[in-house]
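Peer 1: Each residue of the sequence shown is one higher than the last, beginning at 1 in the UniProt record's numbering. I have a structure I would like to understand better, so I am pasting it below and will then ask my questions one at a time.
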Amino acid sequence: MSDWPSHGGRPEQLLPRFGLAGDNEIIDFSANLNPLGPPVWLAQQLAASVAELALYPDPDYREAREAIARAEGLPAEQVRLTNGGAEAIFLAAALLASQGVSRATIVQPTFGEYARACRHYGIAVEHVELAPGSFALDEASAAEAMRDAAALFLCRPNNPTGTLLGREIIEHLLAAGQHHGATLVVDEAFVDFVTPDERLTPLLARFDNLLLLRSMTKLYAIPGLRLGYLLGSATAVERIGELQPPWSVNALAAGLVAPLLADRDYLARTRAWLDAERPWLQGELEALGLDVVPSHANFLLFRDAHGESMPALLAHLARCGILARHTHNFIGLEGAWLRVAVRSRLENRALVEAIARWRNP
Ligand SMILES: Cc1ncc(COP(=O)(O)O)c(C=O)c1O
């Protein structure tokens with residue numbers, strides 16, 4: 001594994017590599033967070049609930065789980081609240097290990113924590129790689145994984161490509177898995193950004209070998225709060241409840257779940273922003289000769305159409321006060337691509353202008 005930071009979003013870890021001070025003023029395109037920022041009412045609500053710190057949270061998080069269940073159209077027994085999407089990933093791996101799963105396949109390039117979580121629980125990891133450039137999935141090799149291994153992890157839409165696997169492929173994989181006793185774990189951390197709504201929740205009614213992982217971090221721009229959840233069959237969720245440390249989510253974060261999900265206006269404003277900004281940014285990047293992967297998420301992956309060095313562009317952008325996400329630790333990308341979050345028009349324009357200066361110094 002490379003010595004590059006394994007996640008985006010901490011400029012002080014990357015800037016010294018380019019001879020820059022870690023506290024340099026920076027526009028951060030390396031973490032895929034909603035640029036609208038957390039809903040405005042959130043800080044006040046947090047302050048108003050500080051008294052709850054004196055009490056243990058409800059160990060079952062009933063209120064939060066019921067709010068999620070209502071939003072997802074599921075019984076609360078199929079919902080587990082987690083400490084961010086990251087804990088949901090580790091709980092999925094813990095569940096698999098407790099079921100005796102010893103090998104899992106991961107569709108790559110993707111978020112690195114699936115492999116880390118599997119290894120943490122003693123599950124050997126294999127990979128199925130998406131086709132270079134198009135990032136299409138070879139369905140046959142994925143289906144094979146649902147036969148040979150007892151679990152397949154994939155991310156939909158996928159970080160870092162932004163691509164979205166078709167629902168039919170997912171159904172085929174689930175049916176194969178049902179037949180061979182394999183579980184499909186789908187990380188939908190970025191599904192809130194997909195329009196029209198493509199979440200796989202309805203499939204839970206037909207497939208008890210499906211686990212869905214969610215993060216509230218990206219949409220609500222709350223990486224420091226740590227909120228996520230896991231959806232699955234009532235049996236799987238009950239078992240996961242036994243594996244999860246008690247009070248894993250703090251009371252203040254848990255108390256925000258229902259009001260966050262109820263804020264439909266925030267979601268509408270987010271969708272309006274993304275519908276306008278993503279095509280604009282993609283068009284501007286393409287006009288600068290970059291090869292941009294069409295994205296269903298709030299970020300774009302690109303490389304130079306003529307093979308110019310992306311690490312060189314990463315360094316140039318850092319000197320311009322812009323942090324992009326390197327791809328050195330994504331299997332199959334190995335630094336040849338960059339990923340940027342879609343941000344506000346002003347910030348996106350700054351990114352485009354900085355790339356234009358790299359093209360024409
Ligand atoms: C695909 C994916 N899943 C899960 C996570 C973790 O989310 P959280 O911050 O809610 O733990 C991330 C964070 O970058 C991610 O990219």
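We put the CB at the ideal spot given by N, CA and C, even for glycine.
1. With respect to the alpha helix (DSSP H) encompassing Asp148, which residues constitute its N-terminal and C-terminal limits?
2. Kindly indicate the opening and closing residues of the alpha helix (DSSP H) around Leu351.
3. Give a yes or no on whether the C-beta atoms belonging to Leu301 and Ile355 are separated by under 7 Å.
4. If you reduce the DSSP assignment to three classes, tell me which class Gly9 lands in.
5. Using the DSSP secondary-structure output, state which residues sit across from Phe153 in a beta bridge.
6. Give me the DSSP bridge partner(s) of Glu127.
7. Going by DSSP, what residue range makes up the alpha helix (DSSP H) through Ala117?
8. Which whole-angstrom value describes the C-beta separation of Ala64 and Ala268, a residue pair presumed to lie in contact below a C-beta threshold of 8 Å?
9. Below 7 Å between beta carbons: does that hold for Ala151 and Leu96?
10. With DSSP run on the structure shown, which of helix, strand or coil describes Val40?
11. Tell whether a beta-carbon distance below 7 Å holds between Arg80 and Leu230.
12. So, with DSSP's three-state summary, where would you put Phe299?
13. Once you ignore the five residues that flank residue 362 on each side, which residues in its own chain have a CB closer than 6 Å to its CB?
14. Put Ile27 into one of helix, strand or coil per three-state DSSP.
15. Quick check: Ala254 and Phe18, are their CB atoms within less than 7 Å of each other?
16. Whole angstroms are fine: how far does the CA of Arg359 sit from the CA of Ala92?
17. Can you have a look at Pro16 and say buried or exposed, based on whether 16 or more other CB atoms are within 10 angstroms of its CB?
18. Determine the DSSP secondary structure at Gly228, reduced to helix, strand or coil.
19. Let me check one thing: in DSSP terms, what residues is Ala341 bridge-paired to?
20. Expressed to the nearest angstrom, what Euclidean distance is found between the alpha-carbon atoms of Ala94 and Ala117?
21. Drop a sphere of 10 angstroms on the beta-carbon of Val50, count the other beta-carbons inside from all chains shown, and report buried for 16 or more, exposed for fewer.
22. Report the three-state DSSP secondary structure of Asp265 (helix, strand or coil).
23. Quick check on the DSSP output: the alpha helix (DSSP H) that includes Leu210 runs from which residue to which?
24. Less than 7 Å between the C-beta atoms of Glu347 and Ile27, yes or no?
Peer 2: Result, derived from the coordinates:
1. Note, Asp148: alpha helix (DSSP H), Glu139 to Asp148.
2. Per DSSP, the unbroken alpha helix (DSSP H) holding Leu351 starts and ends at Arg345 to Arg359.
3. no
4. Coil, per DSSP.
5. Partner(s): Ile106 and Val185.
6. A small correction: the amino acid at residue 127 is His; Glu does not occupy that position in the sequence shown. BP columns for His127 point to Ile106.
7. Counting along the chain, Ala117 sits inside the alpha helix (DSSP H) bounded by residues Glu113 to His120.
8. That pair is no contact at about 23 Å.
9. yes
10. coil
11. yes
12. strand
13. Here the chain comprises residues numbered 1 to 361, so residue 362 is not present and cannot be evaluated.
14. In the structure shown, Ile27 sits in a strand (DSSP, three-state: E or B).
15. no
16. 45 Å
17. Exposed.
18. strand
19. Phe299
20. 8 Å
21. So Val50 ends up on the exposed side.
22. Here Asp265 sits in helix by DSSP.
23. Unbroken run through Leu210 is the beta strand (DSSP E), Leu210 to Ser215; no alpha helix (DSSP H).
24. yes
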